[in-house]
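In the working numbering, the protein residues as written are 3 to 396.
We put the beta carbon where it would ideally sit given N, CA and C, even for glycine.
Given the structure is predicted, the values throughout are model-derived calculations rather than measurements.
So the structure is just underneath, and the comments pick up after that.
Next up, the structure:
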């Protein structure tokens with residue numbers, strides 16, 4: 003049996019012809035018939051059912067069990083336990099704590115989050131088996147001596163004659179500590195939705211929860227202050243701020259200067275221009291001093307979202323035009339995300355009892371911060387580069 007969301011929406015999307023209208027009417031009739039089924043069978047139509055799983059396991063079925071606090075099925079069928087690790091021996095545990103999402107569904111949620119994210123798909127992910135993890139890294143930020151490089155983390159080499167003793171050197175390491183912070187959210191849903199809605203809640207909730215996780219993670223990875231949340235790039239000491247050529251502008255000169263300050267070794271898979279939507283107008287009008295268009299070769303064509311060979315991402319999670327960080331050039335390989343890979347979901351029918359609503363709550367655990375603590379000073383002793391470059395306020 004396919005999810006009713008698939009049948010009804012797929013058929014209704016082509017209802018212009020008389021034949022297709024008949025298919026849509028049949029889909030709605032099938033849904034009406036489902037209301038006469040038992041609650042268990044009707045819930046499969048509404049939440050969706052994975053035919054590929056012979057055991058009948060699906061995220062929708064798991065959500066139904068959470069909603070009913072069916073802890074026996076959750077433990078036996080899904081090996082899903084209350085987030086406090088204790089057995090659910092009373093009927094109120096599901097509303098007090100919540101249940102850890104099984105691994106196969108956690109991956110599905112995080113995949114949805116990743117597809118909608120700016121930072122997560124390009125950052126360095128560190129799996130966390132506990133609340134905190136230490137990540138070693140080379141100290142590449144100490145100002146080097148003459149004829150040495152900060153990129154080597156303290157290793158130096160010298161030209162020597164035969165039988166001449168030279169000094170021992172070793173790399174300097176430091177630790178970056180990632181501590182999992184809780185990201186929580188909840189959504190109210192009418193209790194009658196289970197009986198009256200033809201929308202498959204399985205895919206709906208996966209999409210909503212995944213996109214909510216993605217949005218708030220991204221906002222913290224880009225702008226977080228590090229207090230009870232990840233440390234964002236805009237609040238990191240590793241960020242290099244480049245002076246703007248003119249107020250409320252993003253010109254070719256600005257882009258070139260930012261690219262010159264980007265640490266070498268970047269790859270298109272992890273490097274992007276991130277811009278606020280209010281900057282897009284400046285980008286599309288970018289030109290040389292002689293007035294030749296730079297970004298748009300032909301104004302009638304759909305613009306390719308690439309600048310200097312680096313993908314351009316437009317996001318509302320950055321400050322508006324003429325503010326520090328309205329344009330960022332980022333090599334996100336140098337941003338660390340500590341991923342606890344635990345998502346807890348709970349349902350309560352008591353939060354909005356008088357309005358006949360229930361509440362779904364999700365909790366994800368994650369941390370993030372730049373791998374570098376400051377820009378890297380080059381061999382000349384004054385020039386600095388960084389994987390994180392921002393355009394200053396006008």
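Around the Cβ of residue 266, a 10 Å sphere holds fewer than 16 other Cβ atoms; the residue is exposed. Under the three-pair Cβ rule at 8 Å, the segment 361 to 370 counts as touching the segment 173 to 188. Ranked by how close their Cα comes to the Cα of residue 363, the residues 328, 389, 269, 189 have 189 in first place. Take residue 125, set aside five residues on each side of it, and the residues of its chain with a beta-carbon closer than 6 Å to its own are 334, 337, 339, in chain order. For residue 348, the enclosing beta strand (DSSP E) begins and ends at 337 to 354. Shortest Cα-Cα distance from residue 345 to any of 107, 313, 225 involves 107. Rounded to the nearest whole angstrom, the CA to CA distance from residue 84 to residue 349 is 12 Å. The alpha-carbon of residue 113 is positioned some 32 Å away from that of residue 325.
Collapsing the DSSP output to three states places residue 363 in a strand.
Residue 276 is bridged by DSSP to 315, 330. Put simply, the backbone Cα of residue 389 is about 6 Å away from that of residue 332. Among the bridge pairs identified by DSSP, residue 383 is matched with none. Cβ contact annotation for residue 285 (same chain, cutoff 8 Å, sequence separation greater than five): 252, 277, 297, 309, 314, in chain order. The Cβ atoms of residue 237 and residue 376 do not sit closer than 8 Å to each other. The beta carbon of residue 280 sits closer than 6 Å to those of 322, 323, all from its chain and outside the five residues before and after it, given in chain order. Selection 343, 120, 71 evaluated against residue 351 yields 71 as nearest (Cα-Cα).
The three-state secondary structure of residue 225, taken from DSSP, is helix.
In this structure residue 318 is exposed. Its beta-carbon is surrounded by fewer than 16 other beta-carbon atoms within 10 angstroms. Note that the C-beta distance between residue 391 and residue 263 is below 8 Å. Residue 341 holds the alpha-carbon nearest to the alpha-carbon of residue 109 among 282, 184, 341. Per DSSP, reduced to three states, the secondary structure at residue 357 is helical. Annotation: the continuous beta strand (DSSP E) that includes residue 187 extends over 183 to 192. Burial is judged here by how many other beta carbons sit within 10 angstroms of a residue's own beta carbon; residue 355 has fewer than 16 and is exposed. Residue environment for residue 122: buried (at least 16 other C-beta atoms within 10 angstroms of its C-beta). If you ignore the 5 residues before and after residue 290, its C-beta comes within less than 7 Å of the C-beta of 254, 296, all in its own chain and listed in chain order. In the three-state DSSP reduction, residue 290 falls in the coil class, being neither helix nor strand. Taking residue 387 as the centre and dropping the five residues before and after it, the same chain places the C-beta of 242, 263, 264, 265, 266, 377, 378, 380 closer than 8 Å to its C-beta, in chain order.
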